[in-house]
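J.: Order-wise, the sequence lines are chains A and B. Just so we're aligned: 219 in full-length UniProt numbering is position 219 of the first sequence, and the numbers increase by one with no gaps anywhere. Just so we're aligned: 221 in full-length UniProt numbering is position 221 of the second sequence, and the numbers increase by one with no gaps anywhere. Glycine is no exception: its CB is placed at the ideal position from the N, C-alpha and C atoms. So that we are looking at the same thing, I have put the structure below in structure tokens.
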Amino acid sequence: MSAETLEKALVKPAEPLLSKRRKKLITDPLIDDNPVTVQVLGICSSLAVTTQMQPTLVMAISVIFVVALSNFVISLMRNTIPSRVRIIVQLAVVATLVTIVSEILKAFAYDMYKELSVFIGLIITNCIVMGRLEAFAMGNKPYDSMLDGLGSALGYSWIILTVAFFRELWGSGSVFGIPVFDYISGLFGDDFNLAKNGLMVTPVGAFIILGLIVWVQRTKTGYVEH
Amino acid sequence: MQQSNTYIIVYSAVLTIILGLLLSGSAQVLGPWQQEAIALDKKKQILGAVINAEEIAAMTPEQVNEFYAARISSTVVDITGKEITEGGVSAEKVEIAKDYKKPADQRLYPVFIYHAEGNPEDVESYIFPLYGAGLWDAIWGYLSLETDMNTIGGITLAHAAETPGLGARITESEVQARYVGKKIFDESGALMAVQMQKGEGKDYSSDPHKVDGMSGATITGNGVNNMLKAYMGHYEAYIKAKSSQKAVAGL
């Protein structure tokens, strides 16, 4: 490194930990560039796991962990990864992280592990993970990549949690396993009964809720697909 | 340089080794906790067939272990209902999933006996393990029979990979409660087991061999039916022997 560039590097002030640009990395995927409703990625798991709030929450936390960390790790390695085998390298890293998540759940949250086992494994094939690795982590610095992964995973999380909220409420009459419908019925006396909608328990219900979210969101943001 | 074959091969090899070490390391470190969680889960499932789920959920792991030690005794039988005592087999150690691959007449069949506190003679119910195939993967469970050796006292069901919200509902206490009080033999003494029906929301309270189904999970329901029928068949000799013993004692 020549003295001139060294000086330049010294003069340039360090970017704050959460500068405007970095905040945008996190906030953009929440609404304007949401991985589920705008990029239409990760639909499979948002249909499958969202029948109840609790497993959905565990799934969301797992995805946040995997996406943020795999983005970070791949970004650290990005200059050494041979481009011809980069997808395999990415997959290997993601699969390792996912397996670790699954092992941790098995050790400390066995009931959750039993309920979610298939879907945790399927995080490996969640398009959001590979998508962010290819689109961002391969060409950006580790910290930025981690924030980007965090943003995308949070964007995914709030969508699946919203879907799960309505599916559990209308399909099973409860939220986080608390029988809300029964409490409400109780207020109005014995004859009053809120009907549950069986459609909401099936993946079809998720499609409907997801469609409604996309509709509302695109009406607000004015986003049009080209 | 990064595009050369040698680099790619060495890179892949090193990556494989590092990730492999990470995985086996985490499995090693977490292993004891996982074993404990699995053993505890098994005890909870066995107990789930005789006491209700809320009670078990309220217990700490230590309380579960204590309660199990105080109230459950066990034995292992073969397909003819004879107790196997030699070879130091213990019912807790029998791995139903592994045994399942053997022909039915070579398997070991554990029986868990729920008795009054401190008195192994005073039997309250017999608990039998179940194992079979659901829609995606294995399903299993425990069924308790009251001392008439016919009436179901309770059932716990578990699964490896049924669809959450659909087939996975077999783990819900509301679904499992549908089996309580049903009978596995008809009046002539022939094995009927209990069949979960297709569709949900019908009333089968008058039929001792049918229970309401799970909407959207008919194949899982069929798996449960086959499992029940098969395992009650495997235990039939033992069950019959116990009930005739009772009849003789009653005379």
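1) I need the straight-line Cα distance from MET1(A) to CYS127(A), nearest angstrom please.
2) How many angstroms separate the CA atom of PHE207(A) from the CA atom of ILE31(A)?
3) Alpha carbon to alpha carbon, what distance is there between SER83(A) and GLN3(B)?
4) May I ask you to check if the CB of THR96(A) is nearer than 6 Å to at least one heavy atom of the ligand NAP?
5) Tell whether a beta-carbon distance below 7 Å holds between MET149(B) and ALA193(B).
6) May I have the straight-line CA-CA distance separating THR85(B) from VAL101(A), to the nearest angstrom?
7) Skipping 5 residues on each side, what residues in its chain have a beta carbon closer than 6 Å to that of ARG178(B)?
8) Does the Cβ-Cβ distance between VAL93(A) and SER70(A) come in under 7 Å?
9) Three Cβ pairs or more, each shorter than 8 Å: is that satisfied between the stretch 49-56 of chain B and the stretch 202-210 of chain B?
10) Thinking C-beta only, is LEU108(B) closer than 7 Å to VAL76(B)?
11) Between ALA160(B) and the rest of its own chain, which residues show a CB-CB distance below 7 Å, the 5 nearest in sequence each way excluded?
12) Exposed or buried, residue 238(A), counting other C-beta atoms within 10 Å across all chains shown (16 or more means buried)?
13) Which chain B residues sit within Cβ distance under 8 Å of VAL85(A)?
14) Rounded to a whole number of angstroms, what is the C-alpha to C-alpha distance between GLY199(B) and LEU187(A)?
15) Going along chain B, which residues have a C-beta under 9 Å from VAL89(A)?
16) Since TYR126(B) and VAL111(B) are thought to touch, with beta carbons under 8 Å apart, how far apart are those beta carbons, to the nearest angstrom?
17) For a quick check, are the C-beta atoms of ILE26(A) and LEU147(A) less than 7 Å apart?
18) Please confirm whether GLU103(A) has its beta-carbon closer than 7 Å to some beta-carbon of chain B.
19) Please return the same chain residues whose Cβ sits closer than 7 Å to the Cβ of residue 228(A), not counting the five positions on each side in sequence.
20) Taking 8 Å as the limit between beta carbons, can you name the residues of its chain near THR6(B), skipping five residues before and five after?
21) In the DSSP assignment, find the unbroken alpha helix (DSSP H) run with PRO32(B) in it and report its ends.
22) Give me the Cα-Cα distance between ALA27(B) and GLY20(B), rounded to the nearest whole angstrom.
23) Give me the Cα-Cα distance between ASN225(B) and SER157(A), rounded to the nearest whole angstrom.
24) State yes or no: is the C-beta of VAL201(A) within less than 7 Å of the C-beta of THR37(A)?
25) With 8 Å as the C-beta to C-beta threshold (strictly closer), list the residues of the stretch 215-242 of chain B near chain A in chain order.
26) What residue range does the alpha helix (DSSP H) around PHE67(B) cover?
27) To which residues does DSSP link MET196(B) through a beta bridge?
28) What residues of chain B sit near GLY198(A), judged by a beta carbon separation below 7 Å?
29) For a quick check, are the C-beta atoms of GLU95(B) and GLY134(B) less than 7 Å apart?
30) Ignore the nearest five residues each way along the sequence and tell me which others in LEU76(A)'s own chain have a CB closer than 7 Å to its CB.
31) Beta-carbon within less than 6 Å of GLY201(B)'s beta-carbon, same chain only, minus the 5 sequence neighbours each way: which residues are those?
32) Can you tell me where the alpha helix (DSSP H) holding GLY221(B) begins and where it ends?
33) Looking only at DSSP bridge pairs, what is GLU183(B) linked to?
34) Please name the residue, chosen from LEU17(A), GLN39(A), LYS23(A) and LEU57(A), that lies closest to VAL175(A) on a Cα-to-Cα basis.
35) Could you spell out the range, first to last residue, of the alpha helix (DSSP H) harbouring GLY155(A)?
36) Spell out whether any CB of chain B is found under 7 Å from the CB atom of VAL204(A).
T.: Walking through what the data contain:
1) Here the question's residue 1(A) lines up with position 1 in the first sequence. Here the question's residue 127(A) lines up with position 127 in the first sequence. Residue placement at MET1(A) cannot be trusted, given a pLDDT of 44 that sits under 50; the coordinates are not used to answer.
2) Position 207 of the first sequence, counting from 1, holds the residue named residue 207(A). Position 31 of the first sequence, counting from 1, holds the residue named residue 31(A). Cα-Cα distance, rounded: 19 Å.
3) Within the second sequence, numbered from 1, the residue matching residue 3(B) stands at position 3. Within the first sequence, numbered from 1, the residue matching residue 83(A) stands at position 83. Between GLN3(B) and SER83(A), the alpha-carbon positions lie close to 7 Å from each other.
4) Absence of the ligand NAP from the depicted structure is noted, as is the absence of any ligand whatsoever, leaving it without description.
5) In the second sequence, residue 149(B) corresponds to position 149, counting from 1. In the second sequence, residue 193(B) corresponds to position 193, counting from 1. No, these two residues do not count as a Cβ contact at 7 Å.
6) Taking the first residue of the second sequence as 1, we reach residue 85(B) at position 85. Taking the first residue of the first sequence as 1, we reach residue 101(A) at position 101. Spanning the two alpha carbons is a distance of roughly 42 Å.
7) Taking the second sequence and counting its residues from 1, one reaches residue 178(B) at position 178. Contacts found: VAL211 and ASP212.
8) For the purposes of this step, residue 93(A) is taken as the residue at position 93 of the first sequence. For the purposes of this step, residue 70(A) is taken as the residue at position 70 of the first sequence. Yes.
9) no
10) The residue given as residue 76(B) occupies position 76 in the second sequence. The residue given as residue 108(B) occupies position 108 in the second sequence. Result yes, Cβ atoms of VAL76(B) and LEU108(B) sit closer than 7 Å.
11) Residue numbering aside, residue 160(B) sits at position 160 when the second sequence is read from its first letter. ASP137 and ALA138.
12) This structure cannot settle anything about residue 238(A), because the visible part of chain A is limited to 1 through 226.
13) Taking the first sequence and counting its residues from 1, one reaches residue 85(A) at position 85. Within chain B, the residues near VAL85(A) are ILE8, TYR11 and SER12.
14) Start at 1 with the first residue of the second sequence, and residue 199(B) comes out as number 199. Start at 1 with the first residue of the first sequence, and residue 187(A) comes out as number 187. About 31 Å.
15) By one-based count along the first sequence, residue 89(A) stands at place 89. The answer, in chain order, is TYR11, SER12 and LEU15.
16) Taking the second sequence and counting its residues from 1, one reaches residue 126(B) at position 126. Taking the second sequence and counting its residues from 1, one reaches residue 111(B) at position 111. The C-beta distance from TYR126(B) to VAL111(B) rounds to 6 Å, short enough to meet the 8 Å contact threshold.
17) Translated into the one-based positions of the first sequence, residue 26(A) becomes position 26. Translated into the one-based positions of the first sequence, residue 147(A) becomes position 147. Yes; because the gap between Cβ atoms is below 7 Å, this pair is in contact.
18) By 1-based counting over the first sequence, the position of residue 103(A) is 103. Chain B, which has a Cβ nearer than 7 Å to the Cβ of GLU103(A), makes this yes.
19) The question about residue 228(A) has no answer, for chain A in this structure spans 1 to 226.
20) Taking the first residue of the second sequence as 1, we reach residue 6(B) at position 6. There are no such residues.
21) Taking the second sequence and counting its residues from 1, one reaches residue 32(B) at position 32. First-last of the alpha helix (DSSP H) with PRO32(B): 5-48.
22) Counting from 1 along the second sequence, the entry for residue 27(B) is found at position 27. Counting from 1 along the second sequence, the entry for residue 20(B) is found at position 20. Cα to Cα, ALA27(B) sits roughly 11 Å from GLY20(B).
23) Working through the second sequence from its first residue, we reach residue 225(B) at position 225. Working through the first sequence from its first residue, we reach residue 157(A) at position 157. Each residue's Cα considered, the two are about 37 Å apart.
24) In the first sequence, the residue the question calls residue 201(A) occupies position 201. In the first sequence, the residue the question calls residue 37(A) occupies position 37. No; because the gap between Cβ atoms is not below 7 Å, this pair is not in contact.
25) Those would be SER215 and GLY216, in chain order.
26) Within the second sequence, numbered from 1, the residue matching residue 67(B) stands at position 67. Looking at the DSSP string, the run of the alpha helix (DSSP H) that includes PHE67(B) is 61-71.
27) One-based indexing of the second sequence puts residue 196(B) at position 196. DSSP lists VAL211(B) as partners of MET196(B).
28) The count along the first sequence starts at 1 and reaches residue 198(A) at position 198. The contact set of GLY198(A) on chain B, defined by CB atoms closer than 7 Å, consists of SER215 in chain order.
29) Reading the second sequence from its first residue, position 95 is the one you call residue 95(B). Reading the second sequence from its first residue, position 134 is the one you call residue 134(B). In this structure, GLY134(B) does not lie closer than 7 Å to GLU95(B) by Cβ.
30) Position 76 of the first sequence, counted from the first residue, corresponds to residue 76(A). Once the five neighbours on either side are set aside, the close Cβ partners of LEU76(A) are PRO142.
31) Here residue 201(B) refers to the residue found at position 201 of the second sequence. Nothing meets the Cβ criterion.
32) Sequence index remark: in the second sequence, residue 221(B) carries index 221 (1-based). GLY221(B) -> alpha helix (DSSP H) spans 218-234.
33) Your numbering for residue 183(B) matches position 183 in the second sequence. Per the sequence shown, the amino acid found at residue 183(B) is Lys instead of Glu. Per DSSP, THR151(B).
34) The residue labelled residue 175(A) in the question sits at position 175 within the first sequence. Among LEU17(A), GLN39(A), LYS23(A) and LEU57(A), the Cα nearest to that of VAL175(A) is on LEU57(A).
35) The residue you call residue 155(A) lines up with position 155 of the first sequence. The continuous alpha helix (DSSP H) containing GLY155(A) extends over residues 142-172.
36) As a first step, residue 204(A) must be located in the first sequence, where it is residue number 204. Chain B contact via Cβ: absent.
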